[in-house]
Amino acid sequence: MRLFFQAVIFSIVIHVIYIGGSLVHGLSQTWNFVPDIENAYENVTVLQNEVSFGYVGSPMYLVFTFIVMALIGAAAIQLLKRIRLAKTSV
Numbered sequence: 001m002r003l004f005f006q007a008v009i010f011s012i013v014i015h016v017i018y019i020g021g022s023l024v025h026g027l028s029q030t031w032n033f034v035p036d037i038e039n040a041y042e043n044v045t046v047l048q049n050e051v052s053f054g055y056v057g058s059p060m061y062l063v064f065t066f067i068v069m070a071l072i073g074a075a076a077i078q079l080l081k082r083i084r085l086a087k088t089s090v
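No gaps in the numbering here: position 9 of the sequence shown is 9 in UniProt numbering, and each next residue is one more.
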């Protein structure tokens, strides 16, 4: 049961780092954006026709990645325990 909780915590930490990194990257791009007004004025018709915001993904993708990362974390924890046990027995 302890291995399960360690693997879940590992998966949560990996997802928080990934999502937090994406948010920080997006914020830095937003804060550092400087519009080019002269060139934008020439392309007014193109700009008015092409508007897209964000990305919509399946929520099952997040569940799948959470489960896979938990399994990878459990395998890594087991491997490290076996290596540590092998070193202490030698």
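Beta carbons: idealized from backbone N, C-alpha and C, even for Gly.
Backbone secondary structure at residue i - three-state DSSP
{"i": "Phe53", "result": "coil"}
{"i": "Val34", "result": "coil"}
Cβ-Cβ distance between residue i and residue j below 7 angstroms
{"i": "Ile14", "j": "Met60", "result": "no"}
{"i": "Gly73", "j": "Phe33", "result": "no"}
{"i": "Ile67", "j": "Gln6", "result": "no"}
Alpha carbon of residue i to alpha carbon of residue j, nearest angstrom
{"i": "Val63", "j": "Gly57", "result": "12 angstroms"}
{"i": "Ile17", "j": "Ile83", "result": "27 angstroms"}
{"i": "Ile12", "j": "Asn39", "result": "44 angstroms"}
Host alpha helix (DSSP H) of residue i (start-end)
{"i": "Val24", "result": "Arg2 to Trp31"}
{"i": "Ser58", "result": "Counting along the chain, Ser58 falls outside any alpha helix (DSSP H), and DSSP gives it neither H nor E."}
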